[in-house]
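Please read the structure below before turning to the comments.
Residue numbers (the UniProt record's numbering): 1 to 100.
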């Protein structure tokens, strides 16, 4: 998130464990923080018995899955994808830049 927004984000245990976001963040920042930490919690919970730390690629794939589910949810609710693109466009662009 710090790479995307170019601002320092202080991660507290309650953010990762409970999804409680302290501090002043815009609505889109809160949205993307929540989705990224949710994806990370899911992938870590899937690996906790194996005793290893999940690869970065697995976490990124899970974030992409969450982004796709978000798009499909908006589509089912007959909402425009503008909210989806507003939030995830930044993340997708950052991933493309880091892959090149």
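Beta carbons: idealized from backbone N, C-alpha and C, even for Gly. The structure displayed is predicted, hence computed values, not measured ones.
Review point. Quick one: what does DSSP say residue 31 is sitting in, helix, strand or coil?
Key: In the chain shown, residue 31 corresponds to position 31, counting from 1. It is helical.
Check your understanding: Buried or exposed: residue 130, going by 16 or more other Cβ atoms within 10 Å of its Cβ?
Key -> The structure shown does not extend to residue 130, since the chain spans only 1 to 100, so no value can be given for it.
**Study point:** Rounded separation between residue 31 and residue 47 - CA only
**Key:** Start at 1 with the first residue of the chain shown, and residue 31 comes out as number 31. Start at 1 with the first residue of the chain shown, and residue 47 comes out as number 47. Rounded to the nearest angstrom, the two C-alpha atoms are 25 Å apart.
Point to revise | Nearest to residue 70 (by Cα), restricted to the options 34, 26 and 20 | key: Counting from one through the chain shown, the residue named residue 70 turns up at place 70. Comparing Cα-Cα distances from residue 70 to each of 34, 26 and 20, the minimum goes to 34.
Exercise for review: Would you identify the three-state DSSP class for residue 42, choosing helix, strand or coil?
Suggested key: Position 42 of the chain shown, counted from the first residue, corresponds to residue 42. In this structure, residue 42 counts as helix in the three-state DSSP scheme.
Point to revise | Three-state secondary structure (DSSP) of residue 62 | key: Position 62 of the chain shown holds residue 62. Residue 62 falls in the helix class under three-state DSSP.
Check your understanding: Helix, strand or coil: how does DSSP classify residue 88 here?
Key -> As a working note, residue 88 is residue 88 in the chain shown. Of the three classes helix, strand and coil, the one that applies to residue 88 here is helix, per DSSP.
Point to revise | residue 23 to residue 41 span [Cα, whole Å] | key: Start at 1 with the first residue of the chain shown, and residue 23 comes out as number 23. Start at 1 with the first residue of the chain shown, and residue 41 comes out as number 41. Rounded to whole angstroms, residue 23 to residue 41 spans 21 Å at the Cα level.
Check your understanding: Where residue 53 and residue 44 are concerned, what is the direct C-alpha to C-alpha distance, given to the nearest angstrom?
Key -> For the purposes of this step, residue 53 is identified with residue 53 of the chain shown, where counting begins at 1. For the purposes of this step, residue 44 is identified with residue 44 of the chain shown, where counting begins at 1. Straight-line Cα distance between these residues: approximately 7 Å.
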